[in-house]
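**Student:** Take a look at the following structure, please.
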Amino acid sequence: QETRNQYDENQLKAPNLSVDGATLTALLNTYPETKAYPIKLNADGVLNKALEEKQEADIHNFLFNHIEGSLNLSVNKALIDDADKKTDTIKAQSPFWQLFRESVKPQGELSQAFVVDNDNYVLKLEKNENGYFINGKPSQELENEVEQDHVDD
85 QETRNQYDEN QLKAPNLSVD GATLTALLNT YPETKAYPIK LNADGVLNKA
135 LEEKQEADIH NFLFNHIEGS LNLSVNKALI DDADKKTDTI KAQSPFWQLF
185 RESVKPQGEL SQAFVVDNDN YVLKLEKNEN GYFINGKPSQ ELENEVEQDH
235 VDD
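Quick note on numbering: our numbering labels position 2 of the sequence shown as 86, and the sequence is numbered without any gaps.
Here's what the structure looks like:
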C-alpha cells in the first residue's frame, strides 16, 4: 500500500500532458440499415503541473483543477432527425440510440448544451483561466437557463 501511495503522489506532481489538435472522426450508423453519418470529436488541452504545496489528495480533484482546454463534439443532424421508418424503428428499440437522442434532443427539443452549425449539432466544452464554458457561455449561465425553463414548464 505504501508503494501505491507513493506512486499516486508522484504521478500528480508533474504530469505535463498536452493534447494538441486531436481529432476523432467516425461514421455512426444504424446497423443493419446502413445509413451512416459523421460524428467528430476534437480535443485540445493541457494538464498543468501542480504546485507541490497545493497537491490534491485524489486524481479526480487534480484533473478537475489543473486541466485547461476544449472538447468539441459535432453530430450530424441526420443521426437525430432522420425520419426514415426503418432507422426510426431501430433507434426506438436500442437503448444506445434512445440515450443518444435524448442527450441531444430531449423531448424533441434541442438541448441547450448544443447549438446548430450547418448540418450538425455541436457541443463545445471549454475550461480556461476564466472558468468553464459551454458553447461560449459560462456553465453557470447555462445551468440557470435550464433551471428557468423547468420552472416555466
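Each residue gets a CB set at the ideal place from its N, CA and C atoms; glycine is no exception.
What are the boundary residues of the alpha helix (DSSP H) that Asp104 is part of?
**Tutor:** Segment Leu101 to Thr114 is the beta strand (DSSP E) holding Asp104; no alpha helix (DSSP H) there.
**Student:** Quick check on the DSSP output: the beta strand (DSSP E) that includes Leu207 runs from which residue to which?
**Tutor:** Leu207 -> beta strand (DSSP E) spans Asn204 to Asn212.
**Student:** Suppose contacts are defined by Cβ-Cβ distances below 8 Å. Is Leu101 in contact with Leu131 by that definition?
**Tutor:** Yes. Within cutoff.
**Student:** Would Asn113 and Ala120 be called neighbours here (beta carbons separated by less than 8 Å)?
**Tutor:** Yes, the pair counts as a contact, with Cβ atoms nearer than the cut-off.
**Student:** Examine the Cβ distances between the stretch 208-221 and the stretch 165-185 and report whether three or more of them are shorter than 8 Å.
**Tutor:** No: fewer than three Cβ pairs fall under 8 Å.
**Student:** For Asp201, which three-state DSSP category applies?
**Tutor:** The answer is strand: DSSP assigns Asp201 an E or B state.
**Student:** Is it buried or exposed for Leu157, if we count other Cβ within 10 angstroms and need 16 for buried?
**Tutor:** Buried.
**Student:** Would you list the one or two residues that DSSP bridges to Pro190?
**Tutor:** None; Pro190 has no bridge partner.
**Student:** Where DSSP assigns a beta bridge to Ala127, which residues make up the other side?
**Tutor:** DSSP lists Ala106 and Leu155 as partners of Ala127.
**Student:** Go ahead and pull the three-state DSSP assignment for Lys119.
**Tutor:** Correct three-state label for Lys119: strand.
**Student:** What first and last residue would you give for the alpha helix (DSSP H) that runs through Ala167?
**Tutor:** That residue, Ala167, is in no alpha helix (DSSP H); it is neither H nor E in DSSP.
**Student:** DSSP three-state call for Asn160: helix, strand or coil?
**Tutor:** Asn160 falls in the strand class under three-state DSSP.
**Student:** Nearest-angstrom Cα distance between Asn202 and Gly192?
**Tutor:** Roughly 19 Å between the two C-alpha positions.
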